[in-house]
Every structure is written in C-alpha cells, then in structure tokens.
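Scroll down for the structure; my scribbles are underneath it.
Residue numbers (full-length UniProt numbering): 1 to 264.
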C-alpha cells in the first residue's frame, strides 16, 4: 500500500472539507479513523514547525548604507523598509529565512500573507543549495552548487520555464535569469496594500479636524484612495471639509511611496 503524504496546506484543506460530515462511500468508523490520522499528521507538522529556533529577527537595509552613505543619498525605491527573520531546524540544521516589508509584521495587520523573498539554505541531493520563493509556503527555485565550478538554477516544477531578460528593477539592468509566476500572488498583494493603507488612515493625524465619515477604498495601479469627511468645532474655520486620502505604493509592493491629502 502506498502511503499518502500530505503537506500542511493539503491537510488543513482536507480537514476543513471533512468537517463533521461522513464521506460518501466510507463507513463512519473509517471516517473517524481517517480524521484522527489527519489530525495527528497536522499536529506533527505543527510540532516540527514550532521546533524551529529563531536566530535573528531584525530590520535589513539597502547594502549601499554599508558604504558610508546616508539614507538621504539613496533613491526613494532604495529606502524601502524590510525585515528579516532567520530560523534553524534542529534536525537538519538547515536555515530558513523570510524578507518582507517591515509594516506587514505589525501584529495589528492580522491575516496578511507576507510577500518578498523566502528561502532555505540546505543540502539538496548531497550538494549545497539555496531554495527560494516569494512567500514562505513554497520555494519555486533552487540554486545548487556542484562545489567546484558550476552554479545551477533549477525550477521546482519541470514545466516552469526560465528565461533571460534585462532585470529592470536593478540599477545595472544586466540580463538575468527569471521565473515569472504572473498574477499568482495578486490577491495577497491587493489584501496587503489595502490593510496597510487602512492602518495608515487609522493612525493619521488630521488635526485640528476630526473624521466625521468615510467613503470606500478604491484602488488603481498601486494607488489607494478613500473619501474622508472632516469637521471641526472651531467657529473660525469651515464646519466641514472633504478630502481624498491617498496612499501610493511602489509598483507591486506593499511599501508606501507617498501619503497625500487631496482636496476635492
């Protein structure tokens, strides 16, 4: 008999699908036993994840700041604030890391899927390797060294095609090897931008005016806008006002580029 190996995500999905209802064509006793096995598998996965040792949790800055440059000498896109978390598995000693927008680690932004770069430094098939992804749930590329003369870039799936192109987000724009996942994470990015924009609005100081009412968020090409209705008790000022509170993000990022109050 072949043993069924389930990932944590697959296990949670299957458990949610099973619920408390019997599965058609399977005896209730078998269903109960299956659920127990799945719950046991999930508990082992969670235990293994909890066993990871956090080695580092810190902000990480642009490498140019290590060359005696100040933050003011950097271009706006080079000033983005990131955080890095580094963990180690005690069984294999492999290192797992996640680099993401610092504000996404705010405990008030619950439910956000951190995007950026995740990775595992490991031994793969007997050779040093770094496995890389965009979020911590999956690594889609593996960089493997033969230990002597060659570095190889291998996709996780055989039908994923790598291609050479000028890398526009870098200063030199040299040709580089790319794997484009398209809009795979568009929903996560959209949710992240919306939650970050809402967090900034909740903590924005409109003094001496106060917020009377809010409209609805609208987004277009990394720009999020919401109508804000303001009022004041000061007789020397207008009793009410309306502005568009606008949060602009860097392209395909939850890093804020600017925050503006635009009069309507």
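The beta-carbon is built from N, C-alpha and C at its ideal position, and this holds for glycine as well.
Out of the options, which has the shortest C-alpha to C-alpha gap to residue i?
i, options, result
"residue 262", "132, 250, 246 and 251", "246"
"residue 242", "204, 213 and 201", "213"
"residue 54", "69, 89 and 189", "89"
"residue 163", "177, 112 and 107", "177"
"residue 204", "230, 57 and 56", "230"
"residue 137", "151, 124 and 119", "119"
"residue 191", "63, 56 and 104", "104"
"residue 135", "186, 61, 62 and 202", "186"
Given a threshold of 16 other Cβ atoms within 10 Å of its Cβ, counted over all protein chains shown, does residue i qualify as buried or as exposed?
i, result
"residue 259", "exposed"
"residue 182", "exposed"
"residue 170", "exposed"
"residue 87", "buried"
"residue 349", "Residue 349 lies beyond the range of the chain shown here (1 to 264); nothing can be said about it."
"residue 252", "exposed"
"residue 215", "exposed"
"residue 97", "buried"
"residue 126", "exposed"
"residue 21", "Reliability of the predicted coordinates at residue 21 is poor, the pLDDT of 48 falling under 50, and the value obtained from them is presented with this limitation in mind. Residue 21 is exposed by the Cβ-count criterion."
"residue 59", "exposed"
"residue 26", "Any reading at residue 26 is ruled out, since the residue's pLDDT is 42, under 50, leaving its predicted position unreliable."
"residue 149", "exposed"
"residue 85", "buried"
"residue 189", "buried"
Look at the alpha carbon of residue i and the alpha carbon of residue j, and state the distance between them as a whole number of angstroms.
i, j, result
"residue 227", "residue 75", "30 Å"
"residue 71", "residue 65", "7 Å"
"residue 101", "residue 179", "21 Å"
"residue 142", "residue 129", "7 Å"
"residue 117", "residue 209", "41 Å"
"residue 174", "residue 166", "5 Å"
"residue 121", "residue 255", "26 Å"
"residue 196", "residue 83", "16 Å"
"residue 153", "residue 109", "35 Å"
"residue 145", "residue 211", "58 Å"
"residue 206", "residue 67", "39 Å"
"residue 158", "residue 112", "30 Å"
"residue 248", "residue 94", "38 Å"
"residue 91", "residue 124", "15 Å"
"residue 7", "residue 264", "Residue confidence for residue 7 is low, a pLDDT of 49 falling below 50, so the modelled location carries little weight; the figure read from the coordinates is stated next. Their Cα atoms are separated by approximately 51 Å."
"residue 77", "residue 225", "21 Å"
"residue 151", "residue 200", "43 Å"
Taking the DSSP output, what are the residues bridged to residue i?
i, result
"residue 261", "245"
"residue 256", "249"
"residue 56", "86"
*Which residue spans inside the region 81-144 form an unbroken alpha helix (DSSP H) run of at least 4?*
With a minimum length of 4 residues, there is no unbroken run of alpha helix (DSSP H) contained wholly in the region 81-144.
*Write down every uninterrupted run of the beta strand (DSSP E) in the region 152-239 whose length is 3 residues or greater and which is fully enclosed by it, in chain order.*
Inside the region 152-239, DSSP marks whole beta strand (DSSP E) runs of 3 or more residues at positions 163-166, 175-178, 210-214, 218-220 and 223-231, from first to last along the chain.
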